[in-house]
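*Asks:*
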Amino acid sequence: MVTPSLAAAKPARLCFSSSRTSRIRPSRFKVPRVGSEDTYLTVEEAGIVEMGALDMHEKFLARLTISSLNLLRKVAEEEGCSIEELNAGKVVDWFAADKEKRNDDPNSATLNW
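For the sequence shown, the numbering used here gives the first residue as 3, with consecutive numbering after it.
1. Between E79 and W96, is the Cβ-Cβ spacing less than 8 Å?
2. Tell me the residue span of the alpha helix (DSSP H) that contains T44.
3. So, is T23 buried or exposed, given that buried needs 16 or more other C-beta atoms within 10 angstroms?
4. Quick check on the DSSP output: what are the complete alpha helix (DSSP H) runs of length 4 or more inside the segment 68-101, in order along the chain?
5. Confirm, please, whether the CB-CB distance from A64 to L56 is below 8 Å.
6. Which of the three DSSP states, helix, strand or coil, is assigned to N105?
7. Beta-carbon within less than 8 Å of C83's beta-carbon, same chain only, minus the 5 sequence neighbours each way: which residues are those?
8. Using C-beta distances below 7 Å, list every residue in its chain close to V77, excluding the 5 sequence neighbours before and after it, in chain order.
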C-alpha cells in the first residue's frame, strides 16, 4: 500500500461567503501589523518563525513566545530590573500600572487595547 505524500496534498482553501462576512462587526480594537510600533514581533522575527520547520500551531506558539519575550524585556526595563528578576507579582504590578496609564491617557500606555 502506498501512502500519499504530504507534498502532493493540496492546501486547504478558505472561503468566506458574503452573507457570513457581512455579519462580522468591526472591532473597536486595532490589530497591529507585524513589525509596527504597536507589536512586539518584528518582521525579521516573524520571518525566522515562518522559515522554521514548524507546523501551524508551533508557529503560533513560537510567535507568541517571542513577542512575550520582547514584552518582558520592556517590563523589565520599566521595572528597573533584569528579566531574570521578574516574577508574577512584578508583571501583574506592571500591567496594573499600564492600565492606570491607559485610563489617564491612552497614548501614554505601553499596551493599547
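Cβ atoms here follow ideal geometry from the backbone N, Cα and C, with glycine treated the same way.
*Replies:* Reading it off the structure:
1. No, they are not a contact pair.
2. T44: not part of any alpha helix (DSSP H); DSSP gives it neither H nor E.
3. Bear in mind that the predicted position of T23 carries a pLDDT of just 45, short of 50, making it too unreliable to give a figure here.
4. Segments of the alpha helix (DSSP H) lying fully in the segment 68-101: there are none.
5. Less than 8 Å separates the beta-carbon of L56 from that of A64.
6. Looking at N105 - three-state DSSP - the assignment turns out to be helix.
7. Cβ neighbours of C83 beyond the five flanking positions: K92.
8. Leaving aside the five residues that flank V77 on each side, the residues in its chain whose CB is nearer than 7 Å to its CB run, in chain order, L88, V93, W96.
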